[in-house]
Structures are given as C-alpha cells and as structure tokens.
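Peer 1: Take 9 as the starting number for the sequence shown in the numbering used here and just add one per residue.
Note that beta-carbon positions come from the ideal geometry of N, C-alpha and C, so glycine has one too.
It should be emphasised that the depicted structure is a prediction, and the values quoted were computed from it without experimental measurement.
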Amino acid sequence: MTRNNILADKSIDFAIRIVNCYKYLTEEKNEYIISKQLLRSGTSIGANIHEGIEAQSKSDFISKLSISLKEASETSYWFKVLFRTGAITESMYSSLHKDLDEIIRILIASIKTTKQNISKQQ
Numbered sequence: 009m010t011r012n013n014i015l016a017d018k019s020i021d022f023a024i025r026i027v028n029c030y031k032y033l034t035e036e037k038n039e040y041i042i043s044k045q046l047l048r049s050g051t052s053i054g055a056n057i058h059e060g061i062e063a064q065s066k067s068d069f070i071s072k073l074s075i076s077l078k079e080a081s082e083t084s085y086w087f088k089v090l091f092r093t094g095a096i097t098e099s100m101y102s103s104l105h106k107d108l109d110e111i112i113r114i115l116i117a118s119i120k121t122t123k124q125n126i127s128k129q130q
C-alpha cells in the first residue's frame with residue numbers, strides 16, 4: 009500500500025493530544041470513566057491507520073481505515089460529552105475537534121480513492 013505519511017503523522021500527533029487530554033482529565037478534573045473511553049477510541053484511530061499502511065491488500069487497507077473512521081466518530085461523541093458536562097473548555101473542544109475533523113476528511117478521501125482504484129482495476 010502507498011504510505012500516506014500526512015495521515016500517519018497527523019494520527020500520531022492526535023494520539024499524543026489524546027493522551028495529554030486524558031492526563032488532564034484524570035489529574036485535574038478527577039474524571040476517569042469517560043476519559044478512559046476517549047483514550048481508547050482516540051488512540052485507536054492512529055493504531056488502525058498504521059495497521060492499514062502495512063495492509064496485505066487494498067481491501068485490508070480499506071477495512072483498517074474504516075475502523076479508524078468508526079473510532080473517530082466515537083471520539084467525536086466523547087468530546088461532545090466532555091464539553092457538555094464542563095470537563096473540557098470550549099477552546100479545548102474546538103481545538104481537538106478541528107484536528108479530528110481533518111483526520112476524518114483525509115480518512116474519507118483515502119477510502120474513497122482506494123475504492124475507486126479497485127473499481128478501475130476490475
């Protein structure tokens with residue numbers, strides 16, 4: 009598979025932000041339940057992207073990126089819950105969500121392009 013370094017780099021940067029957010033939530037806000045869910049889904053995005061980069065086939069690549077997209081959707085949900093409960097500020101929410109939206113756009117474009125390439129080969 010073609011290495012998509014931009015997506016890989018963004019996913020690592022995002023995972024680091026998620027880990028730091030988790031630390032903030034547990035250490036400063038004493039929030040342990042939702043923050044753990046956020047940690048799992050937010051770091052899973054990049055893990056699946058990196059698995060997809062080493063995929064054995066284009067179908068496997070699409071599958072891994074699709075899982076990343078699902079994890080991104082879950083992460084978005086947890087951001088909303090944390091923001092609406094006051095656990096994170098509006099500026100934190102906006103900043104994190106902006107990064108997540110960018111990753112989602114790249115994931116959707118990558119999945120769409122790969123599907124089109126598969127169709128062209130058939």
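What did DSSP end up calling Y40 once you bin it into helix, strand or coil?
Peer 2: Coil.
Peer 1: Curious, which full-length alpha helix (DSSP H) runs of at least 4 residues does the region 16 to 74 contain?
Peer 2: DSSP runs (the alpha helix (DSSP H)) wholly in the region 16 to 74: 41 to 61.
Peer 1: Hey, how far is the Cα of K37 from the Cα of R92?
Peer 2: So the alpha carbons of these two residues sit roughly 14 Å apart.
Peer 1: Skipping 5 residues on each side, what residues in its chain have a beta carbon closer than 7 Å to that of E39?
Peer 2: Contacts found: L33, A95.
Peer 1: May I ask which residues mark the beginning and end of the alpha helix (DSSP H) holding I96?
Peer 2: Where I96 is concerned, there is no enclosing alpha helix (DSSP H), given that its DSSP letter is neither H nor E.
Peer 1: How long is the line joining the alpha carbons of K128 and E98, rounded to whole angstroms?
Peer 2: Distance between the alpha carbons of K128 and E98: 44 Å.
Peer 1: Between N13, C29, I57, which lies nearest to S103 when the distance is taken from Cα to Cα?
Peer 2: When only C-alpha atoms are compared, the closest one is C29.
Peer 1: If you compare alpha carbons, which of F69, S118, H105 is closest to F22?
Peer 2: Checking every option, the nearest Cα to that of F22 belongs to H105.
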